[in-house]
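In UniProt numbering, the protein residues as written are 1 to 95.
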C-alpha cells in the first residue's frame with residue numbers, strides 16, 4: 001500500500017537547510033517518492049505549528065523507511081540536523 005512521508009519543520013539555518021533540500025530531493029526520487037506538498041499554505045488546527053510542511057508519496061511504508069535509512073538521505077539529513085527542528089513520520093494510506 002502507498003504511504004505518505006510527512007515532515008513538519010522549523011528551519012533555524014537557511015543556508016545549511018538549503019544543502020539538505022538539494023540532496024534530499026534526489027534521494028526521495030531514487031526510492032520512488034514524489035513530493036505532493038512543499039511549504040505551501042496551511043492552517044494549524046492543533047499541536048505545535050511549524051512553518052514548513054512537506055508531504056511525499058511513496059509506493060509503500062518500506063520504500064519510505066528505506067529512503068530515510070539510505071546513505072543518500074542520511075548524507076542530506078546531516079545538513080538538516082543542526083539547521084532545523086523537525087518531526088517526520090510515515091503513514092500508510094489506502095489507495
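Heads up, the beta-carbon is just placed ideally off N, CA and C, and yes, glycines get one too.
Between the C-alpha atoms of residue i and residue j, what's the straight-line distance to the nearest angstrom?
i: residue 65; j: residue 22; result: 20 Å
i: residue 14; j: residue 80; result: 9 Å
i: residue 16; j: residue 74; result: 14 Å
i: residue 97; j: residue 40; result: In this structure the chain extends from 1 to 95, so residue 97 is not present and cannot be described.
i: residue 60; j: residue 3; result: 5 Å
i: residue 1; j: residue 25; result: 22 Å
i: residue 53; j: residue 27; result: 18 Å
i: residue 71; j: residue 63; result: 14 Å
According to DSSP, is residue i part of a helix, a strand, or is it coil?
i: residue 72; result: helix
i: residue 78; result: helix
i: residue 61; result: helix
i: residue 29; result: helix
Is there a Cβ from chain C that is less than 8 Å from the Cβ of residue i?
i: residue 16; result: Within the model displayed, chain C is absent; a lone protein chain is all it includes.
First and last residue of the beta strand (DSSP E) that includes residue i?
i: residue 84; result: 84 to 92
i: residue 12; result: Here residue 12 belongs to no beta strand (DSSP E), and DSSP marks it neither H nor E.
i: residue 35; result: 34 to 38
For the putative contact between residue i and residue j, defined by C-beta atoms under 8 Å, what is the C-beta separation to the nearest angstrom?
i: residue 33; j: residue 58; result: 5 Å
Validate contact between the region 81 to 93 and the region 7 to 16 using beta carbons, cut 8 Å, 3 pairs
Under the 8 Å Cβ criterion, the region 81 to 93 counts as touching the region 7 to 16, having at least three qualifying pairs.
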